[in-house]
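K.L.:
Quick note on this note's numbering: the sequence shown kicks off at 3 and runs consecutively. Ideal Cβ positions, reconstructed from N, Cα and C, are used throughout, including at glycine. Keep in mind it's a predicted model, so treat the numbers as computed, not measured.
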Amino acid sequence: MSQIKQEPLQAMLYMLYRQGNSAEDALRGIEETFGEGVTTLDQVKVFYGTFENGGFSVMEPTEEERLIRMQTALTAANVPNLIMGYLNFESRLALRNTSRLFREITTRIPLQIKPHLYLHHTLIMPETPHQYVRNKLGKFVEQKKDLDLTTVSDMVKYGSSKGPYPQYLARQIWSYLMTFFSFVRPSENFYAAIEINLFSTDRDRRQIIAQLAAATSILRPVINYYEFRPGNIEIIASDKIGIWLDLLMDFSKPSKYPIYFDTEGLYSKRSFGCKIAALTFYDVESYKVLIIRIHRFNCQDYDLVKREIGVLARTRNFAIFGAEPFLEKLVPATKLYDCQRDMTSLKEMCEKIGVYIHKGQTMSNWARRFLRRDQLQYAAMDTVALLYLHDDQIKRGDLEKGKFPKKMQYANFEDW
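1) For C185, does the three-state DSSP call read helix, strand or coil?
2) Excluding sequence positions up to five away, which residues of its chain have a Cβ less than 8 Å from the Cβ of D204?
3) Since I believe L332 is in contact with G312 (beta carbons under 8 Å), could you give me their beta-carbon distance rounded to a whole number of angstroms?
4) Taking the beta carbon of D366 as the centre, do at least 16 other beta carbons fall within 10 Å, making it buried, or is it exposed?
5) Between D241, S163 and K290, which has its C-alpha nearest L373's C-alpha?
6) With R30 and P131 assumed to form a contact (beta carbons below 8 Å), what rounded beta-carbon distance in angstroms separates them?
7) If you measure between the beta carbons of E236 and S257, is that distance less than 8 Å?
8) Could you tell me whether the stretch 179-187 touches the stretch 238-253, where touching means 3 or more Cβ pairs closer than 8 Å?
9) Report the partner residues of F263 according to the DSSP bridge assignment.
10) Buried or exposed, going by whether 16 or more other CB atoms sit within 10 Å of the CB of Y262?
11) Taking DSSP as the reference, what is the three-state secondary structure of D340?
12) Assign G362 to buried or exposed, taking buried as 16 or more other Cβ atoms, counted over all protein chains shown, within 10 Å of its Cβ.
13) Does the stretch 223-236 come within contact of the stretch 343-355, defined as at least 3 CB pairs closer than 8 Å?
14) Give me whichever residues DSSP pairs with T26 in a beta bridge.
15) Do L401 and Q395 have their beta-carbon atoms positioned less than 8 Å apart in this structure?
16) Determine the closest residue to K397 out of T152, I355 and Y380, with distance taken between C-alpha atoms.
17) At the level of alpha carbons, what is the spacing between L281 and N199?
18) Roughly how many whole angstroms lie between the Cα atoms of G404 and A215?
19) Quick one: what's got a C-beta closer than 6 Å to Q342's C-beta in the same chain, skipping five residues either side?
20) Among residues of its own chain, excluding the 5 on either side of A489, which ones have a beta-carbon nearer than 7 Å to its beta-carbon?
21) Out of L338, F230 and F328, state which residue places its alpha-carbon closest to the alpha-carbon of R318.
22) Mind checking K271: buried by the 16 CB within 10 Å criterion, or exposed?
23) Go through its chain and collect everything with a Cβ distance to I196's Cβ below 6 Å, but skip five positions before and after it.
24) As a quick exercise: from P232, Y269, E266 and L171, pick the residue whose alpha carbon is nearest that of K290.
25) Indicate the three-state DSSP secondary structure (helix, strand or coil) for I211 in the structure shown.
26) What residue range does the beta strand (DSSP E) around K290 cover?
27) Along the beta strand (DSSP E) that carries S155, what are the first and last residues, could you check?
28) Could you tell me which of A194, T364 and D393 sits nearest to D384, measuring between CA atoms?
29) For a test of the three-state rule: what should DSSP assign to A239, helix, strand or coil?
30) To which residues of the same chain is T152 closer than 7 Å at the C-beta, ignoring the five residues directly before and after it?
31) Tell me the rounded alpha-carbon separation between E33 and R136.
32) Distance check for G244 and L378, CA to CA, integer angstroms please.
33) Can you tell me whether F253 is helix, strand or coil according to DSSP?
34) Once the 5 residues before and after K164 are set aside, which same chain residues still bring their CB inside 6 Å of it?
35) Take W368 as the anchor and find which of Q174, D344 and G267 has the nearest alpha-carbon.
36) Measure the C-alpha to C-alpha separation of S155 and S177 and round it to an integer number of angstroms.
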């Protein structure tokens, strides 16, 4: 353990122990965070034995540590900000290396606080793709959010494409999926394909990913909204400039309705910082939903679509759900209307007015070469639902709450 002080290791082991991880899985978690060679399986087992026999002792805290613990208790919902203030992060950013920065932090924080720090450590050390899959699937299953088999397939394939899953993460994901599969029973082929993608240690992942893709391709669509049946609203999804540019020009005609707007995200950011896969526009009077697939845009195309949105905003207002950071500097705040109320999710707000929307495609792969029908209808319905909410708010005289301040701070809000 000469490479790193014991306190950070104890804190992480404590967290892993509380989560029910085995000593073997705990060792892999330690090695994933701190690197190999910082401890051994025998030492991990000794730590675990200490926990089993009544926990571990902590030195009498200093006055500074007492103050930190009291502040932590009062600001438990905002632990990372507290830690940043305590360490004067600005003076430590010169470290540049996130691993060194993380170790620096863990050696300065009292031991009782460390489990909280590790739970929030992704603010300092970004999630790996495999951790991302585990965290998102775990959240959706535990909170009983809408989740489709096709979305599960997309997420597992995403992690698998980045290499073999660490076994402790594979077991955690499998545990979540066993809970999910008890309600949504997949075929044996699908079940087997998920299992092999999680637990296979093969470096060449192409064959097993193709196996899961084949098992997913025969799944029937889940979503079939009346709004998008033939003769109703048309959905047009494209990344071709000639198509989406013409439609945005058509949408620029003055209308009493705003453009109902939404975005869909990527699993990871592009090289130039964009984490958006698609922009969705619903123009009521043309009966069209346009989905611009920007995930493969180069910088020039990306700048072009932003300019065209700015042009569109000269003649049209925009209705959104929560703050949309993408529209910052493109659409004046005075031309934006927020359909969200009291941080309530889109699904819950729609249910209150008798509209049911299915959110099972939220975490699907929006960078697929061809979007599935479920994805198209999901993205389109998120904007059509804004029309229903807006109409209801007009009837109830509840429009003031939807106005943005002239100077606003954009933030990322999840609507699922």
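P.N.:
Result, derived from the coordinates:
1) Cys is not the amino acid found at residue 185; the sequence shown has Phe there. In this structure, F185 counts as coil in the three-state DSSP scheme.
2) P166 and I210
3) 5 Å
4) Just to set this straight, residue 366 is Ser in the shown sequence, not Asp. Buried is the call here.
5) D241
6) Not quite, the Cβ-Cβ distance comes to about 16 Å (not below 8 Å), so this is no contact.
7) no
8) Under the 8 Å Cβ criterion, the stretch 179-187 does not count as touching the stretch 238-253, having fewer than three qualifying pairs.
9) DSSP lists F283 as partners of F263.
10) buried
11) strand
12) buried
13) With a cut-off of 8 Å, the stretch 343-355 and the stretch 223-236 do not count as touching, because too few Cβ pairs lie within range.
14) According to the sequence displayed, residue 26 carries Glu and not Thr. DSSP lists no partner for E26.
15) Yes, they are a contact pair.
16) I355
17) Distance between the alpha carbons of L281 and N199: 31 Å.
18) 42 Å
19) F323 and G324
20) It is not possible to answer for residue 489, since the shown part of the chain is limited to 3 through 418.
21) L338
22) Label assigned to K271: exposed.
23) The residues are V158.
24) Taking only the C-alpha atoms, the option nearest K290 is P232.
25) helix
26) K290 to R295
27) Segment L151 to S163 is the alpha helix (DSSP H) holding S155; no beta strand (DSSP E) there.
28) T364
29) strand
30) Contacts found: T218, L221, S366, R374 and D376.
31) 18 Å
32) 20 Å
33) helix
34) Correct list, in chain order: P131.
35) Considering only alpha carbons, the answer is G267.
36) 15 Å
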